[in-house]
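As given, the protein sequences belong to chains A and B, one line each in that order. Here the first sequence stands for residues 934 to 1168, numbered as in the numbering used here. Here the second sequence stands for residues 161 to 418, numbered as in the numbering used here. Take a look at the structure set out below.
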Amino acid sequence: MATPLVVSEVSKSFTMHLRSGVKLPVVDNVNFSVAAGECVVLGGPSGVGKSSILKMLYGNYSVNEGQILITHGDRTVDIASADPRMVLALRRDVIGYVSQFLRTVPRVAAVDVVAEPLIAQRVSQEAALARARELLAQLNLPERLWSLPPATFSGGEQQRVNIARGFITSHPVLLLDEPTASLDAANRAVVIDLIRDKKEEGAALLGIFHDAEVRAAVADRTIDVSEFRAVGEAA
Amino acid sequence: MSDQPLLRVNAVTKYYGGRIGCEEVSFSLWPGEVLAVVGESGSGKTTLLNCISTRLPPTSGTVEYRMRDGQMRDLYRMGEAERRLLMRTDWGFVHQNPADGLRMTVSAGANVGERLMAVGDRHYGKIRAAAGDWLGRVEIDVDRIDDQPRDFSGGMRQRLQIARNLVTGPRLVFMDEPTGGLDVSVQARLLDLVRSLVADLGLSAIVVTHDLAVARLLSHRMLVMKDGHVIEHGLTDRVLDDPQEPYTQLLVSSILQV
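As structure tokens, this is what we get:
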């Protein structure tokens, strides 16, 4: 079976045109891969480029150099050079992403926010909503909140909606950006279980976890992102 | 997603005398895709929208559209009658000012029903039922069906304009600043409505807006225009999260955070 995610010689910097074109190096020569059924943790201090790596893998950030190879069916696609439609197709079917913060859409109920990725994969609305309710219940989100838009939820409640949305599909690659940051111990344990289930299903997981307990429970290995520190022009 | 584009815009240029409206704009739009065209006033985005939607003949360049029979046709080489039929049936155009897209002194029901009659529907009962159904889908009480849009609020008028455009089951909808003159809470409702209708109906849409939040919410891809040129394009969240061009960085950094 092909390795689901291979990152090869990736470099990234930001050019700040509003600050007279100053170049902010982020990471340089990033190389790693994630196998099916493996959970790899990106480690290192804040500001070292962990989230930037996840955003490049998801197509939110452009990539200056290198390749990000994703197995898509029987093909391999380089997301660094893929056109927008391909990136959207990969997001629908291959790469899931649990961001740190939920981007809420006005008036859309929590349960619909969670079900949406399954519906996008043409699962029936009924089945998708049923699965969404299961996940929200598993994550202990009070049932009275399910039909409300998450904009007014607390940080922890929003994060659980976000986690449910990220875990509802069976994407072969799942990116996790501090999914447990604002959760209590009981819900952290639920997330640890969800991650273990994903590993057993054979998903390749790549995450950032500041919580040592969660990291110890799920990580197969840790990549120290400071090894990829860019030695470009200083700001 | 189909591999065949629905619309192909090739080097569209419009000069107003010696002044550039838009220059050398090319892109394709695929079925089910929502494209946002952003930029400040005077950047050429409305000129571009009008050139594509055959409301304003370009100085040069071509616009091709895939007809329902699968044939790609050059819009400016088809007859006037055929083009008008296309605009009435397969396309919608949502204006910023609902008064430009509605008939203000005929009833809401007639505003919606008129587009059906234009495509040959003659059965009064069916037309009225379809109009009532569409009023419901855009969240207008059916008991307002006989009222005139001049008695409606701005948000209701805009929703009525959307119903009027979607009743014929178009495949492509053009929107020019659809939330332009509306209060924020009314905007949110309209955006959510447009978002779900576009997704449910599998519509393609080109949305011109100066509001990057609208672009983020509605679109898959984005074109950024400045001085008549497309200066940056790509996946919407890539353009907004990692803008490359100086002007795009300025636009993104100028958004007020709430």
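Beta carbons: idealized from backbone N, C-alpha and C, even for Gly.
Kindly list, in the order they appear in chain B, the residues whose Cβ is closer than 8 Å to that of Lys988(A). In chain order: Asp401, Asp402.
Expressed to the nearest angstrom, what Euclidean distance is found between the alpha-carbon atoms of Val198(B) and Ser1087(A)? The alpha-carbon separation between Val198(B) and Ser1087(A) amounts to approximately 33 Å.
Pop quiz: Pro309(B) and Ala278(B) are said to be a contact at Cβ under 8 Å. What is the actual Cβ separation, rounded to whole angstroms? Rounded to the nearest angstrom, the Cβ distance from Pro309(B) to Ala278(B) is 18 Å, too far for a contact under 8 Å.
Which of the residues in the stretch 403 to 416 of chain B, read from start to end, lie with their CB under 7 Å from any CB of chain A? From the stretch 403 to 416 of chain B, only Gln404, Pro406, Gln409, Leu410, Ser413 have a Cβ closer than 7 Å to chain A.
Contacts around Glu193(B), its chain only, beta-carbon distance under 6 Å, and the 5 residues preceding and following it disregarded: Closer than 6 Å at Cβ, skipping near neighbours: Ser364, His380.
Show which residues of chain B have a CB atom less than 7 Å away from the CB atom of Arg1040(A). Within chain B, the residues Ala348, Arg349, Asp352 have their CB atoms less than 7 Å from the CB of Arg1040(A), given in chain order.
Taking all protein chains shown into account, do 16 or more other C-beta atoms lie within 10 angstroms of the C-beta of Val368(B), making it buried, or fewer, making it exposed? The residue in question, Val368(B), is buried, as its Cβ has 16 or more Cβ neighbours within 10 Å.
For a contact meaning CB atoms closer than 8 Å, what does Leu378(B) contact in chain A? Neighbours of Leu378(B) on chain A: none; closest Cβ ~10 Å, over 8 Å.
Is Ala1070(A) buried or exposed, if buried means 16 or more other CB atoms sit within 10 Å of its CB? Ala1070(A) counts as exposed, since fewer than 16 other C-beta atoms from the protein chains shown sit within 10 angstroms of its C-beta.
Determine the burial state of Phe1034(A): buried for a count of at least 16 other Cβ atoms within 10 Å of its Cβ, exposed for fewer. Phe1034(A) comes out exposed.
What does the alpha-carbon distance come out to for the pair Met382(B) and Ala968(A)? Rounded to whole angstroms, the separation of the alpha carbons of Ala968(A) and Met382(B) is 34 Å.
Would Tyr994(A) count as contacting chain B if we go by Cβ distances under 8 Å? Taking Cβ atoms only, chain B reaches closer than 8 Å to Tyr994(A), which makes this a yes.
DSSP puts Lys386(B) in a beta bridge; with which residues? In DSSP, Lys386(B) forms a bridge with His389(B).
Below 8 Å CB to CB, which residues in the same chain sit around Leu1023(A) once its five sequence neighbours on both sides are set aside? For Leu1023(A), where only same-chain residues beyond five positions count, the Cβ hits under 8 Å are Gly992, Ile1003, His1005, Val1010, Ile1012, Ala1015.
Going by Cα to Cα distance, which pick from Ser1103(A), Leu1072(A), Ala1042(A) is closest to Ala1084(A)? Measuring from the Cα of Ala1084(A), the nearest candidate turns out to be Ala1042(A).
By Cβ distance below 7 Å, which residues in the same chain neighbour Arg319(B) in space, the five residues on each side in sequence not counted? Result list for Arg319(B): Val298, Glu299, Ile300, Leu350, Leu353, in chain order.
Which residue's Cα is closest to the Cα of Glu224(B): Asn325(B), Lys386(B), Trp190(B), Phe253(B)? Of the candidates Asn325(B), Lys386(B), Trp190(B), Phe253(B), the residue whose Cα lies closest to the Cα of Glu224(B) is Trp190(B).
Those runs of the beta strand (DSSP E) which lie wholly inside the stretch 1040 to 1120 of chain A and span at least 3 residues: Correct list: 1106 to 1110.
Short of 6 Å in beta carbon distance, which residues of its chain neighbour Ile366(B), apart from the five on each side in sequence? Order them along the chain. Within the same chain, Ile366(B) has close Cβ partners Leu195, Phe334.
Leaving out five residues before and five after Met232(B) in sequence, what residues of the same chain have Cβ atoms less than 6 Å from its Cβ? Excluding its 5 nearest sequence neighbours in each direction, Met232(B) has C-beta neighbours in its own chain below 6 Å: Glu224, Arg226, listed in chain order.
Below 8 Å on the Cβ atoms is my contact criterion, and I expect Leu1109(A) with Leu1138(A) to pass it. Report the Cβ-Cβ distance as a whole number of Å. Yes, they are in contact, since the Cβ atoms of Leu1109(A) and Leu1138(A) sit about 7 Å apart, within 8 Å.
Kindly indicate which three-state DSSP category Gln347(B) falls into: helix, strand or coil? In the three-state DSSP reduction, Gln347(B) falls in the helix class (H, G or I).
Counted within 10 angstroms of its Cβ, other Cβ atoms place Gly285(B) as buried (16 or more) or exposed: By the 16-neighbour rule on beta-carbons within 10 angstroms, Gly285(B) is exposed.
Could you please tell me which residues of the stretch 377 to 397 of chain B, in chain order, have their CB closer than 7 Å to any CB of chain A? Taking 7 Å as the Cβ-Cβ cut-off, the stretch 377 to 397 of chain B approaches chain A at Leu377, His380, Arg381, Gly394, Leu395, Asp397, given in chain order.
What would DSSP say about Phe1161(A), mapped onto helix, strand or coil? Note: Phe1161(A) maps to helix in three-state DSSP.
Once you ignore the five residues that flank Arg1025(A) on each side, which residues in its own chain have a CB closer than 8 Å to its CB? Excluding sequence neighbours, Arg1025(A) sits near Pro1050, Ala1053, Gln1054.
Taking Cβ-Cβ distances shorter than 7 Å, what residues in chain B pair up with Leu1127(A)? Simply none; closest approach about 25 Å.
Can you tell me which of the three DSSP states Ala1152(A) falls into? Residue state, collapsed to three classes: coil.
Take the Cβ of Ala1145(A) as the centre, count every other Cβ of all protein chains shown within 10 Å, and call the residue buried at 16 or more, exposed below. With a 10 Å radius around the Cβ and a threshold of 16 neighbouring Cβ atoms, Ala1145(A) comes out exposed.
Within 8 Å, do at least three Cβ pairs link the stretch 1146 to 1166 of chain A to the stretch 949 to 968 of chain A? A contact exists between the stretch 949 to 968 of chain A and the stretch 1146 to 1166 of chain A.
Would you say Leu1068(A) and Val1046(A) are within 8 Å of each other, going by their C-beta atoms? No, these two residues do not count as a Cβ contact at 8 Å.
Check whether the stretch 322 to 338 of chain B and the stretch 241 to 257 of chain B touch, using three or more Cβ-Cβ pairs below 8 Å as the test. Counting Cβ pairs under 8 Å, three or more are found: they touch.
Is the shortest distance between the beta-carbon of Leu1021(A) and the beta-carbons of chain B less than 8 Å? Interface residue, yes.
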